[in-house]
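Position 41 of the sequence shown, counted from 1, bears residue number 40 in numbering that gives the first Met the number 0, the numbering being contiguous throughout.
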Amino acid sequence: MDINAERLEIIKELNLINDISLLRAVKNLIHYGLKTEGHISLEEYNRELDEAEAEIERGDFISHEDLKEQMKKW
(Lines of atoms letter the chains of each structure in order from A; the text may use other names.)
(Lines give C-alpha, C1' and ligand atoms only; values in the text may rest on other atoms or scores of the structure.)
Protein backbone atom coordinates (compact mmCIF):
# COMPACT_ATOMS: atom_id res chain seq x y z
CA MET A 0 0.00 0.00 0.00
CA ASP A 1 1.40 3.43 -0.87
CA ILE A 2 1.48 6.43 1.46
CA ASN A 3 -1.69 8.04 0.06
CA ALA A 4 -3.67 4.83 0.47
CA GLU A 5 -2.41 4.53 4.05
CA ARG A 6 -3.47 8.13 4.73
CA LEU A 7 -6.97 7.51 3.39
CA GLU A 8 -7.31 4.34 5.45
CA ILE A 9 -6.34 6.18 8.62
CA ILE A 10 -8.80 8.99 7.88
CA LYS A 11 -11.61 6.45 7.41
CA GLU A 12 -10.79 4.80 10.72
CA LEU A 13 -10.52 8.14 12.55
CA ASN A 14 -14.04 8.99 11.43
CA LEU A 15 -15.29 5.90 13.28
CA ILE A 16 -13.83 6.92 16.65
CA ASN A 17 -16.25 8.37 19.21
CA ASP A 18 -13.86 8.42 22.18
CA ILE A 19 -12.45 11.92 22.75
CA SER A 20 -9.54 10.57 24.80
CA LEU A 21 -8.48 8.26 22.00
CA LEU A 22 -8.74 11.07 19.45
CA ARG A 23 -6.61 13.32 21.64
CA ALA A 24 -4.02 10.57 22.02
CA VAL A 25 -3.89 10.08 18.24
CA LYS A 26 -3.66 13.85 17.73
CA ASN A 27 -0.76 14.09 20.19
CA LEU A 28 0.99 11.18 18.50
CA ILE A 29 0.65 12.88 15.12
CA HIS A 30 1.92 16.19 16.49
CA TYR A 31 4.87 14.43 18.13
CA GLY A 32 5.69 12.62 14.89
CA LEU A 33 5.57 15.82 12.89
CA LYS A 34 7.78 17.64 15.37
CA THR A 35 10.40 14.92 15.54
CA GLU A 36 10.98 15.28 11.81
CA GLY A 37 12.87 18.42 12.76
CA HIS A 38 14.20 19.83 16.00
CA ILE A 39 12.14 22.26 18.03
CA SER A 40 13.50 25.38 19.64
CA LEU A 41 13.91 25.86 23.36
CA GLU A 42 11.10 28.42 23.23
CA GLU A 43 8.76 25.90 21.59
CA TYR A 44 9.73 23.25 24.13
CA ASN A 45 8.98 25.64 27.01
CA ARG A 46 5.69 26.69 25.41
CA GLU A 47 4.64 23.03 25.17
CA LEU A 48 5.50 22.52 28.83
CA ASP A 49 3.43 25.57 29.78
CA GLU A 50 0.49 24.26 27.73
CA ALA A 51 0.74 20.83 29.37
CA GLU A 52 0.82 22.36 32.85
CA ALA A 53 -2.25 24.48 32.01
CA GLU A 54 -4.11 21.36 30.81
CA ILE A 55 -3.31 19.60 34.08
CA GLU A 56 -4.46 22.61 36.11
CA ARG A 57 -7.77 22.62 34.18
CA GLY A 58 -8.18 18.92 34.92
CA ASP A 59 -7.88 18.14 31.21
CA PHE A 60 -6.15 14.80 31.59
CA ILE A 61 -6.90 11.15 32.25
CA SER A 62 -5.37 9.19 35.08
CA HIS A 63 -3.37 6.06 34.44
CA GLU A 64 -5.99 3.93 36.17
CA ASP A 65 -8.84 5.47 34.14
CA LEU A 66 -6.89 4.95 30.93
CA LYS A 67 -6.34 1.29 31.75
CA GLU A 68 -10.08 0.89 32.31
CA GLN A 69 -10.84 2.58 28.97
CA MET A 70 -8.33 0.38 27.19
CA LYS A 71 -10.17 -2.72 28.39
CA LYS A 72 -13.18 -1.51 26.37
CA TRP A 73 -11.25 -1.13 23.10
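Backbone N, C-alpha and C define an ideal beta-carbon position, used for all residues, glycine too.
For a quick check, are the C-beta atoms of residue i and residue j less than 8 angstroms apart?
i   : j   : result
I16 : L22 : yes
V82 : L41 : Absent from the model: residue 82. The displayed extent of the chain is 0 to 73, so no value can be given.
Under 8 angstroms by Cβ, that's how I've got residue i and residue j pegged, so tell me the actual separation to the nearest angstrom.
i   : j   : result
F60 : E68 : Contact flag wrong, Cβ pair sits at about 15 angstroms.
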